[in-house]
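Below: the structure, in structure tokens.
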Amino acid sequence: MQIFSIGDLTRYIKHILDRDRTLNSIYVRGEISNFKRHYSGHCYFTLKDSDATIKTVMFRSRSQFLKYEPRDGMKVVVGGTVTVFERDGQYQLYADHMVPEGVGELSLAYEQLKEKLTAEGLFEEMRKRPIPVLPRAVGIITSPTGAAVRDIITVAKRRHPGIALILFPVQVQGGEAPGQIVDALQSFTAYGQADVLIVGRGGGSLEELWAFNDERVVRAIAASQIPVVSAVGHETDFTLADFAADRRAATPSQAAEIVVPDIHELSRYIRTLENLMGTHMQAIVKEKRRRVMECRQSAALQRPMNLLADKQQQADLLRQRLIQTMEQQLTAKKHSFSIQAEKLAMLNPLAVLARGYSITRTSEGQIVCDASQISNEQELEILLAQGVLYARVCSTKEA
Amino acid sequence: MTVDTKGNDNNDVCFEEALGKLEVIVKLLEKGELKLEDSLDKFAQGVALSQLCLAKLTVAEKQIDKILQKEQGILVEKPLLFTEEKSKC
């Protein structure tokens with residue numbers, strides 16, 4: 131007899147449950163009760179129906195994507211895994227997805243596929259190709275009898291009657307629809323004449339739009355070599371086809387507007403560009419001309435003789451100034467010369483004679499300044515301003 | 125020779141490319157930083173491009189609408205008549 135510890139027993143049970151395929155990925159329908167959202171963001175509640183209850187956990191990593199707040203009494207479908215919470219010895223449901231019942235299993239499948247394809251990078255912005263401005267031909271994949279095709283043709287022809295429309299009729303709902311849509315997408319690539327594709331239908335319930343959430347359709351749209359505009363007629367909800375398409379239009383009419391350019395608007399735009407170009411060109415020529423004229427009107431080019439006259443005038447002025455300066459200098463020199471000459475004249479001893487003074491010299495020519503040097507009877511010369519006196523000394527008297 | 129390559133260039137470009145080039149030329153001329161000769165050259169190119177764009181807009185008018193279908197695995201074209209389409213709905 132083998133005796134288990136409780137831990138061993140619990141782990142053994144957990145091991146059995148974890149190996150079970152059904153429990154690994156299960157959908158459960160029930161009513162929420164005892165709903166608690168913890169500060170951690172994890173949600174704990176009990177799922178119940180008239181027969182039984184099961185403890186359920188939805189971790190924050192999952193519950194953050196819920197677009198509604200779960201409440202007690204709400205009927206839901208939960209997708210997840212059943213396993214054992216060892217500490218309490220209790221099996222519980224770990225919820226990955228949870229949708230209100232009524233929206234039902236379809237939207238659960240939608241969320242799951244969306245998650246999967248997002249992870250694959252199918253919806254990435256980088257993958258999206260530009261829609262051609264002027265396609266030669268537009269491929270239309272839709273029902274030949276619906277309002278969608280009529281709307282697309284009406285809008286397309288109104289905007290540009292010359293762009294060819296190539297309709298590939300398909301069923302847009304029912305079991306045949308996804309296969310036909312995929313075939314149409316691939317056929318257009320093989321056909322090679324359409325530059326852009328519109329895939330869509332008029333609005334409908336989630337069930338009616340289901341073909342546009344079909345994995346094959348979504349992948350075919352993403353894989354299409356021709357850019358695809360999705361046009362599933364509903365404003366608010368997105369189908370997976372919308373995410374995979376290069377552009378999403380809310381309605382078929384809008385898809386036609388995106389894909390088919392308005393010929394009048396486009397021609398107008400081109401003519402506007404042409405006019406703008408002309409205006410700019412005129413402005414450029416005008417500006418260059420202005421600069422040429424500015425040069426031409428400069429004094430130098432306009433009146434070259436003036437320039438010469440100016441120079442001449444300048445030369446004249448200079449010469450005049452030269453002469454003036456020379457004269458001034460000469461006068462100044464003359465003036466200072468006469469002052470010097472006057473000074474000189476004042477110093478001339480002969481000039482002193484004119485005022486009555488005289489100079490007495492010995493016969494040897496020595497000027498007599500001292501009476502003691504002179505003896506009686508000595509002969510002296512006395513120079514006067516006019517003439518000379520020859521004199522003999524009678525007597526001397528010393529100072 | 126350079127003129128020749130330029131001419132060929134213009135004939136091969138698609139509408140988007142021609143329109144894009146035209147828009148670039150308009151911007152270049154708007155800046156007004158080019159030499160006069162280059163400006164005139166660009167202007168001539170721009171006029172040619174805008175004519176090309178307008179021509180491409182009208183050439184498209186000769187396309188024919190079709191229904192494309194697969195019959196026994198082969199693609200088959202049929203003419204698409206709107207009036208018939210409309211009466212069906």
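Residue numbers (my numbering), protein chains in the order written: chain C, 131 to 529; chain D, 125 to 213.
Backbone N, C-alpha and C define an ideal beta-carbon position, used for all residues, glycine too.
Per-residue burial, residue i [other beta carbons within 10 Å of its own, 16 or more giving buried]
{"i": "residue 167/D", "result": "buried"}
{"i": "residue 139/C", "result": "exposed"}
{"i": "residue 281/C", "result": "buried"}
{"i": "residue 145/D", "result": "buried"}
{"i": "residue 166/C", "result": "exposed"}
{"i": "residue 145/C", "result": "exposed"}
{"i": "residue 525/C", "result": "exposed"}
{"i": "residue 465/C", "result": "exposed"}
{"i": "residue 467/C", "result": "exposed"}
{"i": "residue 99/C", "result": "Summary: the structure shown does not reach residue 99/C, with chain C confined to residues 131 through 529, and so no result is reported for it."}
{"i": "residue 372/C", "result": "buried"}
{"i": "residue 363/C", "result": "buried"}
{"i": "residue 343/C", "result": "buried"}
{"i": "residue 487/C", "result": "exposed"}
{"i": "residue 474/C", "result": "exposed"}
{"i": "residue 195/C", "result": "exposed"}
{"i": "residue 142/C", "result": "exposed"}
CB contact below 7 Å: residue i versus chain C
{"i": "residue 140/D", "result": "yes"}
{"i": "residue 204/D", "result": "yes"}
{"i": "residue 198/D", "result": "no"}
{"i": "residue 153/D", "result": "yes"}
{"i": "residue 178/D", "result": "yes"}
{"i": "residue 150/D", "result": "yes"}
{"i": "residue 190/D", "result": "yes"}
{"i": "residue 172/D", "result": "no"}
Reduced DSSP secondary structure (H/G/I, E/B, other) of residue i
{"i": "residue 378/C", "result": "strand"}
{"i": "residue 476/C", "result": "helix"}
{"i": "residue 216/C", "result": "helix"}
{"i": "residue 138/C", "result": "helix"}
{"i": "residue 513/C", "result": "strand"}
{"i": "residue 202/D", "result": "strand"}
{"i": "residue 309/C", "result": "helix"}
{"i": "residue 152/C", "result": "helix"}
{"i": "residue 179/D", "result": "helix"}
{"i": "residue 219/D", "result": "Beyond the ends of chain D as shown, which are 125 and 213, falls residue 219/D; an answer cannot be given."}
{"i": "residue 147/D", "result": "helix"}
{"i": "residue 501/C", "result": "helix"}
{"i": "residue 395/C", "result": "helix"}
{"i": "residue 158/D", "result": "coil"}
{"i": "residue 496/C", "result": "coil"}
{"i": "residue 132/C", "result": "coil"}
{"i": "residue 390/C", "result": "coil"}
{"i": "residue 166/D", "result": "helix"}
{"i": "residue 193/D", "result": "strand"}
{"i": "residue 293/C", "result": "coil"}
{"i": "residue 529/C", "result": "coil"}
{"i": "residue 518/C", "result": "strand"}
Proximity test, Cβ basis, 7 Å: residue i and chain D
{"i": "residue 404/C", "result": "yes"}
{"i": "residue 407/C", "result": "yes"}
{"i": "residue 393/C", "result": "yes"}
{"i": "residue 388/C", "result": "no"}
{"i": "residue 453/C", "result": "no"}
{"i": "residue 356/C", "result": "no"}
{"i": "residue 400/C", "result": "yes"}
For the segment 410–440 of chain C, which residues have a CB atom closer than 8 Å to at least one CB atom of chain D, in sequence order? Of all residues in the segment 410–440 of chain C, only 410, 411, 413, 414, 415, 417, 418 come within less than 8 Å of chain D when Cβ atoms are compared, listed by chain position.
Which residues, in chain order, does the segment 313–347 of chain C contribute to contact with chain D at a C-beta distance below 9 Å? 313, 314, 317, 318, 320, 321, 323, 324
In chain order, what residues of the segment 155–170 of chain D put their CB closer than 8 Å to some CB of chain C? 156, 158, 160, 163, 164, 167, 170
At a Cβ cut of 9 Å, what residues of the segment 291–314 of chain C count as close to chain D, listed as they run along the chain? 291, 292, 293, 294, 295, 296, 297, 298, 299, 313, 314
Name, going along the chain, the residues of the segment 256–281 of chain C whose beta-carbon falls closer than 9 Å to a beta-carbon of chain D. 260, 262, 263, 264, 265, 266, 267, 269, 274, 275, 276, 277, 279, 280
Ordered list of beta strand (DSSP E) runs contained in the segment 201–289 of chain C, each at least 3 residues: Annotation note: the segment 201–289 of chain C contains the following uninterrupted beta strand (DSSP E) runs of length 3 or greater, listed N- to C-terminal: 205–215, 220–230, 267–272.
Length-filtered (4 minimum) alpha helix (DSSP H) runs lying within the segment 403–488 of chain C: 429–432, 434–477, 479–484
Extract the residue ranges of the alpha helix (DSSP H) inside the segment 157–197 of chain C, only unbroken runs of 4 or more that lie entirely within it. 190–193
Going along the chain, which unbroken runs of the alpha helix (DSSP H) with 4 or more residues stay wholly within the segment 299–362 of chain C? 307–321, 345–353
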